[in-house]
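In the working numbering, the protein residues as written are 301 to 770.
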Amino acid sequence: MAFKMSDSAVETIGRFRERVINGPVGRTLLWLGLPLMIVQLVNISYNIADTYWLSRYSDVAYAAPRQIWPYFMFVNAIAQGISAANMAIISQCIGSRDYESARKVVSYFVSSMLLVNTVATVLFFTLRPLVFTHIVATPPELYDYVMVYSGVISIDLLIAALAACYGTIFQAIGDTRTPSRIGVISSVTNIVLDPIFIFGIEYRGVKIPAMGVLGAAIATVISRLVGLMILLGLLSRRYGFLRPQFALSASREWIKTTLKAGIPVTLMMMSNSLAFMFQHRLVNAFGAYVAAAFAIGFVLMDLADAALWGFTFAVSTMIGQAIGAELEKRARDVAAKSMLYIGLSTGIGSIIVLLLRDWFIGVFTSIPAIAREAGLFVLVFAPTLAFFAIFFVGMSIGRGSGHTLYPTAIGVLRLWGFRIALGYYLAFEKNLGTLGLWTAMALSNLFSGIAIIPWALRGGWTKPIIRKHI
């Protein structure tokens, strides 16, 4: 049966497309990125709340989620590669007005994510004792917390992958507000549930026992599931022609294009995640207090680069649709101005964080050793965040265009060459201790930001990766 879109769907997507590919770069970046930035700020608020409540539960339990994150990302790497490739494919289909191909791609995309992350969930749960004992070398004071948290959060691997999948579909269209609103609902739900499940509550005969770290993990899974259910409903209602059908096979062209664009991202995510595991191993070598300081420091860094995570997703949408519409000059203009705007805003955020670091750290710990180490980390690392922002814009250019190889190579060298090899050398061979670790991390930001600029401005990434039909 011939494919047919409703008139309202054509009008809505056409309106989004027109604004994405023809609107002023700065204004369009704000229009697309501001909702995503707000979601990121709400997500950070959740992370802050999670860290705060767990810090009231234990002196070091709040470090458990940060210990788990690299392993979570490693197992999720294939899904990340598929998502990055299909962000490029769908946005370029929309840019070229090939809506029939977009519809097919969405079904292939969702089906592959469901299959891949079902397997990933089983692997994550099964292998976690080996990972946290032998690779991450989690300190004994944290190990039980980490095992409890990771056991529940394994369920989130499947839920988070599907939520990211549907969010990618909305973003590729140019509708960033819908997934942003749902993200806010999900994060606020998490913030509300956290203290209830961590400390317990009894109301009118209904009792929820105190569950500590287990409760924090349960709150995360429930809130993510709420967001996913709403996203599913809204995609069907607003863009019914894109509602996915489960597919056990896919076109050869889609498989080829997804592999070509997705494999570099998957390899980079696996490499990055493994590097972060070894980075945690280096940090953990200095004990639970340093691991706790590291967790606090990264909450602060998340605040400083809040603009980064929202606006870089907008960059991918703008780049992908411009390339699909064969507007090379537009794509390069988006790349140059995005690096400037996002780099400057992240730099301003890092200055604010530097000025407020002592007060903020004091909210989470009263232990002087932890506070001093967290302060040192922020002092060394924060001034280089603007360069990390520029690198991340380069990654988004790669994801929007589908040309991911060069940013991937820079990302691998950033972590393995600087954070791991140089970090180990400075910390242990040169006996600089944690100062050596933090210095190597800061230098990795400088290197990656500077190295990505020539490619982003003049590289050959403006060639479309799709044919007329998938």
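Heads up, the beta-carbon is just placed ideally off N, CA and C, and yes, glycines get one too. Given the structure is predicted, the values throughout are model-derived calculations rather than measurements.
Q: Could you tell me if phenylalanine 432 is buried or exposed, where buried requires 16 or more neighbouring beta carbons within 10 angstroms of its beta carbon?
A: Buried is the label assigned to phenylalanine 432, since at least 16 other Cβ atoms lie within 10 Å of its Cβ.
(Q) For phenylalanine 424, tell me which candidate among Leu528, Ala561, Tyr371 has the shortest Cα-Cα distance. (A) It is Tyr371.
Q. Residues in its own chain within less than 6 Å of serine 391 by CB, not counting five upstream and five downstream?
A. For serine 391, where only same-chain residues beyond five positions count, the Cβ hits under 6 Å are Ala472, Thr617, Gly620, Gln621.
(Q) My output table needs one value for lysine 556: the three-state DSSP class, helix, strand or coil. (A) Lysine 556: helix per DSSP, three-state reduction.
Q.
So isoleucine 697 and tryptophan 761 are supposed to be a Cβ contact under 8 Å. How far apart are they, rounded?
A. Between isoleucine 697 and tryptophan 761 a beta carbon distance of about 6 Å is seen, short of the 8 Å cut, so the two are scored as contacting.
Q) Going by beta carbon distance, what residues of the same chain come within less than 6 Å of leucine 743, once the five residues before and after it are set aside? A) Result list for leucine 743: Phe718, in chain order.
(Q) Along the chain, where does the alpha helix (DSSP H) containing lysine 629 start, and where does it finish? (A) Start and end: 628 to 664.
Q) On the three-pair Cβ rule with 8 Å, is the segment 440 to 457 touching the segment 502 to 521? A) Counting Cβ pairs under 8 Å, three or more are found: they touch.
(Q) Measuring alpha carbon to alpha carbon, tell me which residue in Gly587, Leu525, Asp633, Ala674 is nearest isoleucine 596. (A) Selected option, being the one with the closest Cα: Ala674.
Q) Per DSSP, what kind of secondary structure is lysine 507 in: helix, strand or coil? A) It is a strand residue.
Q) For isoleucine 667 versus alanine 593, is the C-beta distance shorter than 7 Å? A) No, these two residues do not count as a Cβ contact at 7 Å.
Q: Take phenylalanine 470 and list the residues in its own chain whose beta-carbon comes closer than 6 Å to its own, dropping the five residues that flank it on each side.
A: Cβ-Cβ distances below 6 Å link phenylalanine 470 to Thr478, Pro479 in the same chain, with the five nearest sequence neighbours on each side left out; the list follows chain order.
Q. Is the beta carbon of lysine 637 sitting closer than 7 Å to the one on valine 325?
A. Contact: yes.
Q. Ordered along the chain, which non-local residues of its own chain (more than five positions away) have a Cβ less than 8 Å from that of glycine 711?
A. Closer than 8 Å at Cβ, skipping near neighbours: Met568, Ser571, Asn572, Phe691, Met695, Ser748.
Q. Just to confirm, are phenylalanine 677 and asparagine 745 a CB contact at a threshold of 7 Å?
A. No, these two residues do not count as a Cβ contact at 7 Å.
(Q) Rounded to whole angstroms, what is the Cα-Cα separation between valine 492 and leucine 535? (A) Those two C-alpha atoms are separated by around 26 Å.
Q.
Given this structure, state the Cα-to-Cα distance separating isoleucine 765 from leucine 442, to the nearest angstrom.
A. Whole-angstrom Cα-Cα distance: 46 Å.
Q) Exposed or buried, tyrosine 503, counting other C-beta atoms within 10 Å across all chains shown (16 or more means buried)? A) Under a 10 Å Cβ-count criterion, tyrosine 503 is classified as exposed, with fewer than 16 other Cβ atoms of the shown protein chains found around its own Cβ.
**Q.** Proximity below 7 Å, CB of isoleucine 496 to CB of tryptophan 353
**A.** Cβ distance not < 7 Å, so isoleucine 496 and tryptophan 353 don't count as in contact.
**Q.** Rounded straight-line distance, which links the Cα of leucine 458 to that of alanine 420
**A.** Straight-line Cα distance between these residues: approximately 8 Å.
**Q.** Closest Cα partner of aspartate 398 within the set Ser358, Ile482, Leu542
**A.** Of Ser358, Ile482, Leu542, the residue nearest in Cα terms is Leu542.
Q | Euclidean distance between Cα positions of alanine 588 and threonine 438 | A | Within the model, the alpha-carbon separation for alanine 588 versus threonine 438 is close to 8 Å.
(Q) Are the CB atoms of phenylalanine 613 and leucine 329 within a distance shorter than 7 Å? (A) Cβ distance not < 7 Å, so leucine 329 and phenylalanine 613 don't count as in contact.
Q) Count the other CB atoms within 10 Å of the CB of glycine 527; is the residue buried (16 or more) or exposed (fewer)? A) It is buried - the Cβ of glycine 527 has at least 16 other Cβ atoms within 10 Å.
Q: Using a threshold of 7 Å, state whether the C-beta atoms of threonine 476 and leucine 341 are closer than that.
A: No.
(Q) Taking DSSP's pairing of strands, which residues face isoleucine 498 in a bridge? (A) Bridge partners of isoleucine 498: none, in fact.
Q. Do isoleucine 530 and isoleucine 482 have their C-beta atoms closer together than 7 Å?
A. Yes, the Cβ-Cβ distance between isoleucine 530 and isoleucine 482 is below 7 Å.
Q: Tell me whether the beta-carbon of alanine 377 lies closer than 7 Å to the beta-carbon of alanine 461.
A: At least 7 Å separates the beta-carbon of alanine 377 from that of alanine 461.
**Q.** Proximity to arginine 781 [Cα-Cα], best of Gly395, Ala464, Gly647
**A.** This structure gives no information on residue 781, because the portion of the chain shown stretches from 301 to 770.
**Q.** First through last residue of the alpha helix (DSSP H) which encompasses asparagine 343
**A.** Asparagine 343 -> alpha helix (DSSP H) spans 325 to 357.
Q: Could you check how far apart the C-beta atoms of methionine 601 and phenylalanine 681 are, in whole angstroms? I think they sit under 8 Å.
A: Between phenylalanine 681 and methionine 601 the Cβ distance is about 7 Å, and since that is below 8 Å, they are a contact.
Q. When we look at the beta-carbon of arginine 672 and count the other beta-carbons within 10 Å, is it buried (16 or more) or exposed?
A. Exposed, since its Cβ has fewer than 16 Cβ neighbours within 10 Å.
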